[in-house]
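Working notes for the structure below.
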Amino acid sequence: MKEFTDRQLDRIIEMAWEDRTTFDAIQFQFGISEREVIDIMRREMKPSSFRMWRARVQGRSTKHAAKRNYGIDDARFKCSRQKQITHNKISKRR
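Residue numbers for the sequence shown follow UniProt numbering, beginning at 1 and rising by one.
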């Protein structure tokens, strides 16, 4: 198993908790498999927190890129009233 700094471990755990971050993204960034992410989570978290996380991600399609039935652009939340920053109609006040 690879050795990680505390900062890297925190980021791996944070990414694992995020619903829309896939295990593939974690693998791309840190070079570890889903199995290794699970082992890190088991080792670094309290048993009750690990069980809660495991139940949450078990079979979740958003954690596995191959199971997603939508593109990455559709995965990001965007309010219908939100405008791109370049189309913002509010002028800067001086």
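From the three backbone atoms N, C-alpha and C, an ideal C-beta is built for every residue, glycine too.
Small disclaimer: the values here were computed from a predicted structure and weren't measured.
- Item | Under the three-state DSSP convention, the category D19 falls into | DSSP places D19 in coil when its eight states are reduced to three.
Practice problem: Can you have a look at A16 and say buried or exposed, based on whether 16 or more other CB atoms are within 10 angstroms of its CB? | Solution: A16 counts as buried, since no fewer than 16 other beta carbons sit within 10 angstroms of its beta carbon.
Residue range of the unbroken alpha helix (DSSP H) whose run includes F50
Start and end: 47 to 57.
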